[in-house]
Amino acid sequence: MVDLFCMCVGLAFLALAILTFLLCTWNPKVNNTARLHLCICLFLGHLLFLVGVSRTENAVVCAVIAGLLQFIFLAGFVWMLLETVQLFLLVRSLTKVQVIQKEGLKTLYLLLIGYGAPTVVVGVSAAVFPGGYGSAFRCWLSPERNFQWSFIGPVAAILALNLVSFGVILWSLQPTLANMKSNVSQSKDTRLIIFKIVAQFFVLGCAWILGFFQSSPLLKYLFIVLNSQQGTFIFIVHCLLNKEVREEYKRWFSCLLRQKEPPGSKGSPNSVSTVQK
């Protein structure tokens, strides 16, 4: 019951985050594609895990569920890596504090990488060992032939790349932050952006790292709780801690109470970006 409750809470906050990113991303200079699709992948992955991981009655259906889970969660990690790449491109040409600027990768390229890379991994894995998907106990990757490494390996590589990338980003930011001391507001915004992205990496990444160590009930419990609450964390950090988004929420609630058209509808001059400030 605790597992079910935690996952339902996380799914609810993921849904709120997805709606926020969809409705509040109208600034042409801001591209929240990576964060939006990260939330979508987490939502679909957690939902499918909740309703399908125990569907072992039909071997074919179970194998399909296992393959989809592998694809969706791998895609989530790739999107997390792409967000780090976008942050690196921002830092390299930092002139104005925004999460993603025009200098970032185009949406088409992001989509091709975000879903193309997991497709290749799952396709190769299925071709090498088709019987590795599903088992009599759960619809996940089989431990036979160490097949679970078709998921663990790419995840570990992505986490390592993210860790190295964050180190490079923080190192590159040192002279930038030093030059921005005179501009207190811009310096504060930049530090806050970095804090949120790094915090997201540790919450999303470290939760999965715990999954590699299941030697005690405590670690299993922490793994379940941290993974199920990833959506809650994303909503708090990227929505509630965003001043513009909070103002937009207030306008929407006010409109709902007055039964008027939301002032933040598409085309409104009061468009809001989901830039962390």
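35 is the number of the first residue of the sequence shown in the numbering used here; add one for each residue after it. By construction, the Cβ of each residue, glycine as well, lies at the ideal position given by its N, Cα and C atoms.
Short of 8 Å in beta carbon distance, which residues of its chain neighbour residue i, apart from the five on each side in sequence? Order them along the chain.
i	result
residue 240	260
residue 40	258, 259, 262, 263
residue 181	159, 163, 166, 175
residue 245	257, 261
residue 202	122
residue 253	244, 247
Taking residue i and residue j to be in contact with their CB atoms under 8 Å, please state how far apart those CB atoms are, rounded to whole angstroms.
i	j	result
residue 264	residue 124	So it is not a contact: roughly 23 Å between Cβ atoms.
residue 271	residue 233	6 Å
residue 44	residue 266	6 Å
residue 111	residue 186	Incorrect: roughly 11 Å between the Cβ atoms, too far for contact.
residue 70	residue 116	Not confirmed; about 11 Å, so no contact.
residue 42	residue 279	About 23 Å separates the two Cβ atoms, so there is no contact after all.
residue 153	residue 67	At roughly 18 Å, the Cβ-Cβ gap does not stay under 8 Å, so residue 153 and residue 67 are not in contact.
residue 139	residue 120	7 Å
Starting from the Cα of residue i, find the closest Cα among the options and give me that residue.
i	options	result
residue 175	197, 202, 104, 147	104
residue 196	237, 247, 285, 286	237
residue 198	255, 277, 122	122
residue 50	284, 171, 273	273
residue 194	120, 287, 114, 255	114
residue 282	149, 87, 250, 55	55
Given residue i, which residues of its chain have a CB within under 7 Å of its CB, disregarding the five upstream and five downstream residues?
i	result
residue 96	89, 90, 168, 173
residue 101	156, 160, 167
residue 36	none
Could you tell me the alpha carbon to alpha carbon distance between residue i and residue j, rounded to whole angstroms?
i	j	result
residue 205	residue 156	35 Å
residue 178	residue 275	45 Å
residue 48	residue 164	32 Å
residue 72	residue 292	34 Å
residue 93	residue 82	16 Å
residue 52	residue 151	23 Å
residue 109	residue 284	33 Å
residue 289	residue 98	44 Å
residue 247	residue 286	44 Å
residue 277	residue 170	49 Å
residue 84	residue 38	8 Å
residue 149	residue 86	22 Å
residue 183	residue 46	31 Å
residue 255	residue 242	12 Å
residue 269	residue 250	30 Å
For residue i, which residues from the same chain have a beta carbon less than 6 Å from its beta carbon, with the 5 sequence-adjacent residues on both sides left out?
i	result
residue 118	196, 199
residue 106	75, 78, 79
residue 129	At residue 129 the pLDDT is 43, less than 50, meaning the model places this residue with poor confidence; the figure from the coordinates comes in the next sentence. No residues qualify anywhere along the chain.
Taking 8 Å as the threshold (beta carbon to beta carbon), is residue i in contact with chain C?
i	result
residue 175	The chain inventory of the structure shown lacks chain C, comprising one protein chain alone.
May I have a chain-ordered list of the alpha helix (DSSP H) segments no shorter than 4 residues that lie completely inside the segment 251-296?
251-262, 264-269, 277-292
Ignoring anything shorter than 4 residues or poking outside the segment 128-196, list the alpha helix (DSSP H) runs there in chain order.
141-162
Ordered list of alpha helix (DSSP H) runs contained in the segment 62-115, each at least 4 residues:
67-86
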